[in-house]
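Each remark here refers to the structure printed beneath this line.
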Amino acid sequence: MKKLESTFLNMTVVLTCITLIAAAGTAAVFNFTQKPIADAKQAKQEAAIKVVMPGASLIDQVDTVNNQRVFRAYDAENNLLGYAIESDELGFGGLIKMMVGIDTEGNLVNYSILSHSETPGLGSKMDKWFIEKSPITGISISAAPLTVSKDGGSVDAITAATISSRAFLSAVNKAIATYNVCTELDAQTPPNKDAEIMSDTLTDDSQEVVIPQDSLQNIENQIVQQ
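In my numbering, the protein residues as written are 1287 to 1512.
Right, here's the structure in full:
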């Protein structure tokens, strides 16, 4: 077989073919793994909701309030238990994402870390620290904003991980502010009572709710004054 001449045109054609084949392969892998990744994400969200709202077996539709996803949690009799709120903040090593549960009485039920990049053995301890060492679970959100003792607050920071602790509490405070917005909105327009089984409703389809900044500021000011 005659050897292909090494010309600029031939090299360009070969490189183009290689690029197209590589791109097609990448697209195929992405399409193949997209659903498993989405299913894993949904399963993790569902597990987190069960952690922060232990009695929840049903949820309402997902809302997004100021870039935070909100899940209304119901018991088996369709009674509203509270809200599971996804929140985040930039920590020492990257973005900290968590789920925060607040019941209808305004008590912080629990939290669950969804993802983080904090230092192992230091900031990574936040998954248990604020439950076991310096618990924030069970407290009323009237205590917000929550701050570490070094900043004049009542929460003990993780040893040698003050930045991570501040970021964690900031994310919790964001969730509390969102909870207050949600309860105000639901007081004006009662939420949908046709909740479905949890595993059938945790999807990426969401209704965007945009809250005016002045309303948010008023709510945040009320929290500070409390």
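Quick reminder that beta carbons are idealized off the backbone N, C-alpha and C, glycines included.
Check the DSSP bridge columns for residue i and list the partner residues they point to.
i     : result
Y1397 : V1386
S1435 : None; S1435 has no bridge partner.
D1374 : K1383
L1366 : Y1360
S1441 : According to the sequence shown, residue 1441 is Val rather than Ser. Answer by DSSP bridge pairing, in chain order: V1434.
S1428 : S1428 is not bridged to any residue.
Would you check whether the ligand FAD has a heavy atom nearer than 7 Å to the C-beta of residue i?
i     : result
L1455 : The ligand FAD is not part of this structure, which contains no ligands at all.
Please identify the residue among the options whose C-alpha is closest to the C-alpha of residue i.
i     : options                       : result
G1341 : V1351, A1461, A1334 and Y1360 : Y1360
V1356 : L1455, I1345 and E1363        : I1345
G1392 : G1424, E1332, N1364 and S1456 : G1424
V1386 : S1343, A1447, F1454 and T1445 : F1454
I1371 : E1363, S1398, K1327 and N1365 : S1398
N1459 : T1445, A1446, P1431 and E1470 : P1431
A1446 : V1337, G1407, V1300 and E1332 : G1407
A1457 : K1383, I1422 and V1337        : K1383
K1411 : T1433, D1442 and S1426        : D1442
L1471 : R1358, L1301, V1299 and R1452 : R1358
P1476 : T1293, F1416 and N1365        : N1365
G1409 : S1420, S1373, T1448 and T1433 : T1448
Assuming residue i contacts residue j (C-beta within less than 8 Å), just tell me the rounded distance between them.
i     : j     : result
L1265 : I1388 : With the chain represented from 1287 up to 1512, any question about residue 1265 goes unanswered, as that position is not in the structure.
C1303 : Y1369 : Not confirmed; about 54 Å, so no contact.
Q1354 : A1461 : 7 Å
I1444 : S1450 : 6 Å
L1367 : T1390 : 7 Å
N1396 : V1348 : Rounded, the Cβ-Cβ distance is 19 Å, inconsistent with contact.
A1362 : S1343 : 5 Å
Can you have a look at residue i and say buried or exposed, based on whether 16 or more other CB atoms are within 10 angstroms of its CB?
i     : result
I1307 : exposed
A1463 : buried
S1428 : exposed
M1297 : exposed
E1418 : exposed
S1440 : exposed
D1437 : exposed
A1334 : buried
N1466 : buried
D1486 : Its pLDDT being 44, under 50, D1486 is placed unreliably by the model, and nothing is read from it.
K1414 : exposed
Q1331 : buried
S1426 : exposed
V1300 : exposed
Inset, instruction - Determine contact between the segment 1395-1412 and the segment 1368-1377, defined as no fewer than three beta-carbon pairs at a distance below 8 Å. - result: yes
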